[in-house]
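Student: The numbering of the sequence shown is our numbering, which starts it at 454 and goes up by one.
All C-beta atoms in this analysis are idealised placements derived from N, C-alpha and C, irrespective of residue type, glycine included.
Structure below; questions to follow.
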Amino acid sequence: MTAHTAPPALPALPALPDLSDQAPSHCSACGAASPQPLGDKDFAYSCNDHFAGTAQFPPADAPVRYHRCGSCQFTFTAALDGWTPQDFQAHIYNANYVRADPVFADVRPTRNSQMVAALWNRALQDTVVLDFGGGDGTFARRLQAMGHRCHTVDPFHGEDTPELLDSYDLITCFEVIEHVPHGDLDGWFTTLLGHLSPQGTVLLSTELLDADMALSNWYIAPRNGHISLHTAASLRALAAHHGLSVFSINHEMHLLRRPRTEGCGYRNRAMGDRLTVLDTLGDPPPSLAP
Numbered sequence: 454m455t456a457h458t459a460p461p462a463l464p465a466l467p468a469l470p471d472l473s474d475q476a477p478s479h480c481s482a483c484g485a486a487s488p489q490p491l492g493d494k495d496f497a498y499s500c501n502d503h504f505a506g507t508a509q510f511p512p513a514d515a516p517v518r519y520h521r522c523g524s525c526q527f528t529f530t531a532a533l534d535g536w537t538p539q540d541f542q543a544h545i546y547n548a549n550y551v552r553a554d555p556v557f558a559d560v561r562p563t564r565n566s567q568m569v570a571a572l573w574n575r576a577l578q579d580t581v582v583l584d585f586g587g588g589d590g591t592f593a594r595r596l597q598a599m600g601h602r603c604h605t606v607d608p609f610h611g612e613d614t615p616e617l618l619d620s621y622d623l624i625t626c627f628e629v630i631e632h633v634p635h636g637d638l639d640g641w642f643t644t645l646l647g648h649l650s651p652q653g654t655v656l657l658s659t660e661l662l663d664a665d666m667a668l669s670n671w672y673i674a675p676r677n678g679h680i681s682l683h684t685a686a687s688l689r690a691l692a693a694h695h696g697l698s699v700f701s702i703n704h705e706m707h708l709l710r711r712p713r714t715e716g717c718g719y720r721n722r723a724m725g726d727r728l729t730v731l732d733t734l735g736d737p738p739p740s741l742a743p
């Protein structure tokens, strides 16, 4: 049996801002009414509690209530609805965030840059990638070191908004959407698509939950900022509302694109022949298009 060593003690932080216990009126993914309470999880719970085998933070004694949509099974919390960006920065995306997500700083962005470069190496010579929600820019720097062009933007990293192109053929978005407050999902998608070329593609990663996933699941983690957890159904519903189709490569990696236009396939400079698999997808239902 493996022994787990508790992490060193952390300095005390200011008291948490108020956590709302108001029930949400509808599901922000599919629009269904009256999502039901799923249960409470202590704010201090992190994904790395599961992988390290021990709590990474002392108990916060601050219950975060999650709800689940009965239609698309979108799992989310409204407890942080009153938080400001400064609150998230101070209590989640602070210097101790690496305890909640140790691979955030280098392992994940390095791995993702290698994956993107391997899949679309030659095609990337003719395009610029946008890493949307790219943290401190490690993914972009790794891709640039391989000779490719990549821009990055993240509201919680860097004080200045970088100068961006009008649009991008390929946007990457790794482990971001689960951090978006449920009430901001539509605005987040609108901003994302404002950077996407008409025939561009989004490579998005988020862990999809099973429809009946228990609250104890490791990915439902307030201390990581995991406040909007999707199922395959909820991600499809939300994407369709914005005129996008979803092709899930696996439970973690997903390709999103707009519907086919007359006389035009889905190939673009960034993706080339790699995207022909998307031609098998149907267009979003007209009633759900924006």
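#1: Quick one: give me the first and last residue of the alpha helix (DSSP H) that Phe541 is part of.
#2: In the structure shown, what three-state DSSP assignment does Ala468 receive?
#3: Which two residues bound the contiguous beta strand (DSSP E) that contains Gln489?
#4: Taking the alpha helix (DSSP H) that Asp639 falls in, what are its first and last residues?
#5: Applying the 10 Å Cβ sphere with the 16-neighbour rule, what's the burial state of Ile702?
#6: Take the Cβ of Pro675 as the centre, count every other Cβ of all protein chains shown within 10 Å, and call the residue buried at 16 or more, exposed below.
#7: Can you tell me which of the three DSSP states Cys603 falls into?
#8: Report the rounded CA-to-CA distance for Gly523 versus Thr580, giving the unit in angstroms.
#9: Output the distance between the C-alpha atoms of Arg720 and Phe510, rounded to the nearest integer angstrom.
#10: Could you tell me which of Cys483, His683, Cys500, Phe557 sits nearest to Ala664, measuring between CA atoms?
#11: Quick one: measure Cβ to Cβ for Leu624 and Leu645, integer angstroms, because I've assumed they're closer than 8 Å.
#12: So the beta strand (DSSP E) Pro516 belongs to, where does it begin and stop?
#13: Go to Tyr621, then tell me how far its beta strand (DSSP E) extends in each direction, as first and last residue.
#14: Please list, in chain order, all residues of the same chain as His635 whose beta carbon is under 6 Å from its beta carbon, the five residues on each side excluded.
#15: With Arg710 as the anchor, note down where its beta strand (DSSP E) starts and where it stops.
#16: Here's the rule: buried if 16 or more other CB atoms are within 10 angstroms of the residue's CB, otherwise exposed. What is Gly640?
#17: Taking the straight line between their C-alpha atoms, what separation do you get for Val556 and Cys626?
#18: Any contact of the segment 651-660 with the segment 473-490, i.e. 3+ C-beta pairs under 8 Å?
#19: Which residue wins for smallest C-alpha separation from Asp637, given the options Trp536, Trp671, Ile673, Gly590?
#20: Given this structure, state the Cα-to-Cα distance separating Thr563 from Phe592, to the nearest angstrom.
#21: With C-beta atoms as the reference, is Val629 less than 8 Å away from Phe585?
#22: With distance defined between alpha-carbon atoms, name the residue in Ser499, Arg561, Tyr621, Ser566 nearest to Ala598.
#23: For Val581, which beta-bridge partners are listed by DSSP?
#24: On the CB-based measure, 16 or more other CB atoms within 10 Å of its CB, does Asp514 come out buried or exposed?
Tutor: In this structure, then:
#1: Counting along the chain, the alpha helix (DSSP H) containing Phe541 begins and ends at 538-544.
#2: Note: Ala468 maps to coil in three-state DSSP.
#3: Unbroken beta strand (DSSP E) run through Gln489: 489-495.
#4: Boundaries of the alpha helix (DSSP H) harbouring Asp639: 638-647, taken from the DSSP string.
#5: Exposed: under 16 other Cβ atoms inside 10 Å.
#6: With 16 or more other Cβ atoms within 10 Å, it is buried.
#7: In the three-state reduction of the DSSP assignment, Cys603 falls in the strand class.
#8: Rounded to the nearest angstrom, the two C-alpha atoms are 42 Å apart.
#9: Interpretation of Arg720 is limited by its pLDDT of 49, a score under 50 that renders its predicted location unreliable; no figure is taken from the coordinates.
#10: Nearest to Ala664 by alpha-carbon distance, out of Cys483, His683, Cys500, Phe557, is His683.
#11: Contrary to the premise, residue 624 reads as Ile rather than Leu in this sequence. Confirmed, about 7 Å.
#12: Counted as a single uninterrupted DSSP element, the beta strand (DSSP E) harbouring Pro516 occupies residues 516-521.
#13: Segment 621-627, the beta strand (DSSP E) holding Tyr621.
#14: In its chain, beyond the 5 residues on either side, Ser481, Phe529, Ser681 have a beta carbon closer than 6 Å to the beta carbon of His635.
#15: Taken as a continuous stretch (DSSP letters only), the beta strand (DSSP E) holding Arg710 covers 706-710.
#16: Gly640 is classed as exposed because its beta carbon has fewer than 16 other beta carbons within 10 Å across all chains shown.
#17: Put simply, the backbone Cα of Val556 is about 16 Å away from that of Cys626.
#18: Flag = no, the segment 651-660 and the segment 473-490 do not touch.
#19: The residue with the shortest Cα to Cα distance from Asp637 is Trp536.
#20: Between Thr563 and Phe592, the C-alpha separation is close to 6 Å.
#21: Yes; because the gap between Cβ atoms is below 8 Å, this pair is in contact.
#22: Selected option, being the one with the closest Cα: Ser566.
#23: Its beta-bridge partners are Arg602.
#24: Exposed, by the Cβ-count rule.
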